[in-house]
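Presented below is the structure to which this report refers.
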């Protein structure tokens, strides 16, 4: 298709006739399905992208096509950057809050692509709007936790399974924005931490859900994509541990089970061992009898614990929860070399000191206060 033909096609995207608009957007969407098509559309992106953004407010069928087309175009970093400059994130957040918008999941995928850049992440955080800062983020978390990965429940709420599955990727928007220091602080510093509702999607405290199924911790369950995203969000937030340790420890009842269960193995613990753990951790380990298979979740969990343990207060909290024993058990059962390496790095925290949360300055030559021995080097 020649450039002049593409220019005519772009004009039809804004045609007065609904059917003409719909056909034009459909053709553009088809072109985005190939690298060659994306390359050609790049030549007319200056006019095409604003037209497609306006079509998001069109009738349902056209709006859905426009959203899908923008998702495909946003895979190109240059085109994604153009969308960010045109305010695509604000428009997506405006429409995503409208339950009647067709396939809101497309908007989630669009946000995922647009926030991969620092400018896009900053725009979602509304860093340049002090009075509105964090509003989009709060709204996104609220919408995310209100969705379900169950096809049956999605049907009851008028949403297709594919649309609900797309919401799983909302966690990756949160991963993108928490790469920025401002994003991490907005998640942790709010009066009601935004991390808490995410953790509750994985593990409510025992008092509220004593019969939580162990499948929730399994990589085969429908929460797999969400768990990977949440694990990375936690890891990103833990980079603020030096300034935000108190905020992290305020979430300990929810956070610790989420981090320990993927690393704890599946052979079970004695009543005596469980009695030395926080109630939430003991209850979680009793339920989680399936070996964690998601290496990404395991590594992120180990890295999060390692970051927490770099602070003396964090090490004390880990010792108090009997974490060294739990990790030693998990290490003995683990086979994946990436996870083993992450556990070995984490194990050095407990080799370095004793139960009072000692640090690197302490004598490594002695094992004091019940300090566990170094995790052995992996043979794998």
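In our numbering, the protein residues as written are 163 to 542. Glycine residues also receive a C-beta, built at the ideal position from the N, C-alpha and C atoms.
Practice item. Find out if the Cβ-Cβ distance for the pair residue 496, residue 505 is shorter than 8 Å. Key: yes
Practice item. Report back the beta-carbon spacing between residue 248 and residue 231 to the nearest angstrom; my notes put them in contact at under 8 Å. Key: Not really, about 15 Å apart at Cβ, beyond 8 Å.
**Study point:** Anticipated Cβ contact below 8 Å, residue 403 with residue 328, distance rounded
**Key:** Not quite, the Cβ-Cβ distance comes to about 32 Å (not below 8 Å), so this is no contact.
Exercise for review: Using a threshold of 8 Å, state whether the C-beta atoms of residue 395 and residue 333 are closer than that.
Suggested key: yes
Review point. Residue 135 and residue 457: beta carbons closer than 8 Å?
Key: Nothing about residue 135 can be reported from this structure: the residues present for the chain run from 163 to 542 only.
Review point. Are three or more beta carbon pairs between the region 198 to 210 and the region 178 to 188 nearer than 8 Å?
Key: no
Check your understanding: Is the beta carbon of residue 239 less than 8 Å from the beta carbon of residue 188?
Key -> no
Check your understanding: Leaving out five residues before and five after residue 483 in sequence, what residues of the same chain have Cβ atoms less than 7 Å from its Cβ?
Key -> 418, 439, 440, 443
Point to revise | DSSP state of residue 260 mapped onto helix, strand, coil | key: coil
Check your understanding: Grouping DSSP H, G and I as helix and E and B as strand, with all else coil, what is residue 275?
Key -> helix
Review point. Considering only the beta carbon of each residue, do residue 447 and residue 508 sit closer than 8 Å?
Key: no
Check your understanding: Is the beta carbon of residue 356 less than 8 Å from the beta carbon of residue 422?
Key -> no
Review point. Where does residue 439 sit, in a helix, a strand or coil, going by DSSP?
Key: coil
Check your understanding: In this structure, does DSSP put residue 283 in helix, strand or coil?
Key -> helix
Point to revise | Cβ neighbour criterion (16 or more within 10 Å) applied to residue 166 | key: exposed
Review point. By a C-beta neighbour count over all protein chains shown, 10 Å radius and 16 as the cutoff for buried, is residue 415 buried or exposed?
Key: buried
Practice item. Could you tell me whether the Cβ atoms of residue 265 and residue 258 are closer together than 8 Å? Key: no
Exercise for review: Taking the CB atoms as reference points, tell me whether residue 471 and residue 511 lie closer together than 8 Å.
Suggested key: yes
**Study point:** Beta-carbon proximity check, residue 351 vs residue 409, cutoff 8 Å
**Key:** yes
Check your understanding: Under the rule that 16 or more other beta-carbon atoms within 10 Å means buried, what is residue 493, buried or exposed?
Key -> buried
Exercise for review: Could you say which of 304, 465, 338, 168 lies nearest to residue 276 if we only look at CA atoms?
Suggested key: 338
Check your understanding: Which one of 411, 425, 453 has the shortest CA to CA distance from residue 479?
Key -> 411
Point to revise | residue 469 beta carbon less than 8 Å from that of residue 400 | key: yes
Exercise for review: Give the secondary structure of residue 412 by DSSP, where H, G and I count as helix, E and B as strand, and everything else as coil.
Suggested key: helix
**Study point:** Helix, strand or coil at residue 450 according to DSSP, with G and I counted as helix
**Key:** coil
**Study point:** Element boundaries [alpha helix (DSSP H), containing residue 216]
**Key:** 207 to 217
Review point. How many whole angstroms separate the CB atoms of residue 211 and residue 241, which I take to be in contact at a CB cut-off of 8 Å?
Key: 7 Å
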